[in-house]
Structure formats: C-alpha cells, structure tokens
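> With our numbering applied, the sequence shown has no gaps in its numbers, which climb one by one up to 338 at the end.
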Amino acid sequence: MIAAISPADINYEETLSTLRYADRAKQIVCRAVVNEDPNAKLIRELKSEVCRLKELLQKQGIDPGTLERKIITRQNSVYSVLEEDAIDRLKASEKLIAELNETWEEKLKRTEFIRAVRESELREMGVATGDDGQTLGVFQPKKFAHLVNLNEDPFISECLLYYIKEGITKVGRPDALVRQDIQLNGQLIQSEHCEFENKENIVTLIPKASALCFVNGKAVTEPVVLHSGNRIILGKYHVFRFNNPQELMQSRMSASVSNDEPIDWAYAQNELLEIQGIDLKAEMQKK
Numbered sequence: 052m053i054a055a056i057s058p059a060d061i062n063y064e065e066t067l068s069t070l071r072y073a074d075r076a077k078q079i080v081c082r083a084v085v086n087e088d089p090n091a092k093l094i095r096e097l098k099s100e101v102c103r104l105k106e107l108l109q110k111q112g113i114d115p116g117t118l119e120r121k122i123i124t125r126q127n128s129v130y131s132v133l134e135e136d137a138i139d140r141l142k143a144s145e146k147l148i149a150e151l152n153e154t155w156e157e158k159l160k161r162t163e164f165i166r167a168v169r170e171s172e173l174r175e176m177g178v179a180t181g182d183d184g185q186t187l188g189v190f191q192p193k194k195f196a197h198l199v200n201l202n203e204d205p206f207i208s209e210c211l212l213y214y215i216k217e218g219i220t221k222v223g224r225p226d227a228l229v230r231q232d233i234q235l236n237g238q239l240i241q242s243e244h245c246e247f248e249n250k251e252n253i254v255t256l257i258p259k260a261s262a263l264c265f266v267n268g269k270a271v272t273e274p275v276v277l278h279s280g281n282r283i284i285l286g287k288y289h290v291f292r293f294n295n296p297q298e299l300m301q302s303r304m305s306a307s308v309s310n311d312e313p314i315d316w317a318y319a320q321n322e323l324l325e326i327q328g329i330d331l332k333a334e335m336q337k338k
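#1: From what residue to what residue does the alpha helix (DSSP H) around V101 run?
#2: Could you compute how far the alpha carbon of E64 sits from the alpha carbon of L70?
#3: Between V222, G237, S261 and L263, which has its C-alpha nearest E243's C-alpha?
#4: Can you list, in chain order, the residues of its chain whose CB lies under 7 Å from that of Y213, leaving out five sequence neighbours each side?
#5: Can you tell me where the alpha helix (DSSP H) with K250 in it begins and where it stops?
#6: Using only the alpha-carbon positions, how far apart do I122 and E150 sit?
#7: What residue does the beta strand (DSSP E) around T255 start on, and which one ends it?
#8: Pick out whichever of C245, P225 and R230 has its Cα sitting closest to the Cα of N236.
#9: Note down the Cα distance separating P89 from A76, rounded to an integer number of angstroms.
#10: Taking only three categories from DSSP, how would you classify K287?
#11: Under a Cβ-count criterion, where at least 16 other Cβ atoms within 10 Å of its own Cβ denotes burial, should Q126 be classed as buried or exposed?
#12: Can you give me the Cβ contacts of L97 inside the same chain, cut-off strictly under 7 Å, excluding the 5 residues immediately before and after it?
#13: Run through the DSSP bridge pairs and tell me what V168 is partnered with.
#14: Please check the pair K216 and Q297, which I expect to be a contact at CB under 8 Å, by giving their CB distance rounded to whole angstroms.
#15: Assign R161 to one of three DSSP states: helix, strand, or coil.
#16: With DSSP collapsed to three states, give me the class of I61.
#17: Are the CB atoms of G280 and E322 within a distance shorter than 8 Å?
#18: Would E246 be called buried (16 or more neighbouring beta carbons within 10 Å of its own) or exposed?
#19: Find the nearest neighbour of I138 within the set Q109, I165 and L324, judged by alpha-carbon distance.
#20: Starting from H197, trace the beta strand (DSSP E) both ways and give me its first and last residue.
#21: Which same chain residues, not among the five before or five after L239, have their C-beta less than 7 Å away from its C-beta?
#22: So, are the CB atoms of I284 and F293 less than 8 Å apart?
#23: Where does I233 sit, in a helix, a strand or coil, going by DSSP?
Written out as structure tokens, the structure reads:
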C-alpha cells in the first residue's frame, strides 16, 4: 500500500490519520479460503472421519467390511468401550453422509412416506388430519366408515371422528385389560363395551353382555347392521351418528331419516325418549 503524507503543518491531522490507517492495514492478515458449499464441506469432513474410524477399527482387529455381521452377534463377543464408541460413531457418520447426499426428490419421497405413516397411525388412534397433514380436526372421509360425536353444545358437536377400520374395532374404557381402539369414559361404559365389525363395507354393531347400547333409540342386545345416518348411544352420555360413504355411493340413497330435521344430539335424545314412551313436550308442559 502506498500512502501520501505531507510535511506541512496544515496537513498534520490528515498525515496522522493516514499513518494510523497504514499501521492498522499492516496488521491485516489475508488467508486463502476455498469457496465451497457448506454441505459439500460437511460431507468431506464426515468422509475423513469415516476413514479415520475405519483405520481405528482395523487397528483393533475389526474389519469394517464385516461390521454389520459383527454387530448382530456382538452380544456373544467382547468389545472394549473404545471399540463400541468407534462403531457407533462410524454408523452415525455413514448415516449422516447418506442423508446429505440425498437429492431433493429423494427427500420429498421420504417426507411423503413419513407423512403417510403418521396419518395411518392417527387413523388407528381415531384422529383425523386435514389435507395439509398438520391441522387436526374433523372432515368427511370419502372411503372410511366412521362415527361422529353429537353433543348438546353445538360448538363441540361433530368435533370428534372415530374410524371404523376393516375388521374389528373395539370400544371400551382406557383401563381395559385388552387395548380398546375407541376409548370412552363415563357412566355405564364397560371395560369392553361393544365391537364394530367392518366386513366388505358392511358394519355391524356387536354389544357385549350387559352393555348399554342404543341404535335409533332402541336398545340392542344382539348384533345389528348399521346404515348411514343411524344414531348410536353408548352408555348414558356418548351419542354418535354413523356414516358410511361407501354405502351411500353404492346405494345412491340418503340416510334412513328425513332431511327436514338435522340429525343432532337433540334429535337422538328425543328419539330415545319416544321409543321409551316418554313425551318430552308433555313432560315440559307439566312442569
């Protein structure tokens, strides 16, 4: 660097500032750095780490080429703490390298697979997800038979959805000895209350002995085939509406009741009282 200074006293401040800058410039050290992608740098460092770990294992008498076979049978072998740590670090590094080398399409495919598995697990628990894969809530499936909750409060009515999977879906309490697919609490709910059998899109309600189950207001003690729009009451407080989209598509018919009145909690309760011979309006007038 060339700096111009002046011996004149009128340029004293400028000369002093220039000399100070020159002194600071001499302290600047330039270091050459390779301009590379951060992922590429990380992969290169991981490969170096893998090579170092393989050399360490070879010194211990372990062939990295037969590492998988040795890991399978290592409960029958004696490894030192250093060897165990080297094996774990080697596997972790190789896994990370494989993930970093994935293309965008491969990452997208893996993400879609994870999302599908997640939705499948949520369906097993009786929880529905939206099309975005994140929003939890109720939507009307186009393939699966399901139950929708009905409640006296319209704000929480139709907010829970339970899938009736192919085969047997068990309904009971969370503390049952056998895990129940749909878990309910409340009065008159037995440990194993009832079962829903879904066979070729035909769903049958099978109540357990002494279990309180109602279909369209009528108490059932024997297996009964369900149809879309049927009202189901389990125990004393759990009220549901049964929907079977496949049945509707095949029959091209509406639910078994008139559409003039909505099938909600009040409808199901009034229906139950009428079947039991109780006129709700007359009782209200008496009071």
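Ideal Cβ placement from N, Cα and C applies to all residues, glycine included. All values derive from a computational prediction rather than experimental measurement.
The short version:
#1: V101 -> alpha helix (DSSP H) spans P89 to K110.
#2: Straight-line spacing of the CA atoms in E64 and L70 works out to 10 Å.
#3: Ranking the options by Cα distance to E243, first place goes to V222.
#4: Closer than 7 Å at Cβ, skipping near neighbours: G177, H197, L198 and I233.
#5: Unbroken run through K250 is the beta strand (DSSP E), E243 to K250; no alpha helix (DSSP H).
#6: Below a pLDDT of 50, predicted positions are generally treated as unreliable, and I122, at 49, falls in that range; no measurement from the model is reported.
#7: Taken as a continuous stretch (DSSP letters only), the beta strand (DSSP E) holding T255 covers I253 to P258.
#8: The residue with the shortest Cα to Cα distance from N236 is P225.
#9: In this structure, the alpha-carbon of P89 lies about 30 Å from that of A76.
#10: Coil.
#11: Caution applies to Q126, whose pLDDT of 47 falls short of 50 and renders its modelled position unreliable; the value that the coordinates give is listed next. So Q126 ends up on the exposed side.
#12: Correct list, in chain order: S144, L147 and I148.
#13: Beta-bridge pairing links V168 to no other residue.
#14: About 13 Å separates the two Cβ atoms, so there is no contact after all.
#15: Of the three classes helix, strand and coil, the one that applies to R161 here is helix, per DSSP.
#16: Residue state for I61 is assigned as helix, using DSSP reduced to three classes.
#17: No; because the gap between Cβ atoms is not below 8 Å, this pair is not in contact.
#18: Around the beta-carbon of E246, 16 or more other beta-carbon atoms lie within 10 Å, marking it buried.
#19: Per the Cα distances, Q109.
#20: It spans H197 to L201 - the beta strand (DSSP E) in which H197 sits, taken as one unbroken run.
#21: Excluding sequence positions up to five before and after L239, its CB lies within less than 7 Å of the CB of L263, G286 and K287, all in the same chain and listed in chain order.
#22: Taking the C-beta atoms as reference points, F293 is found no nearer than 8 Å to I284.
#23: Here I233 sits in strand by DSSP.
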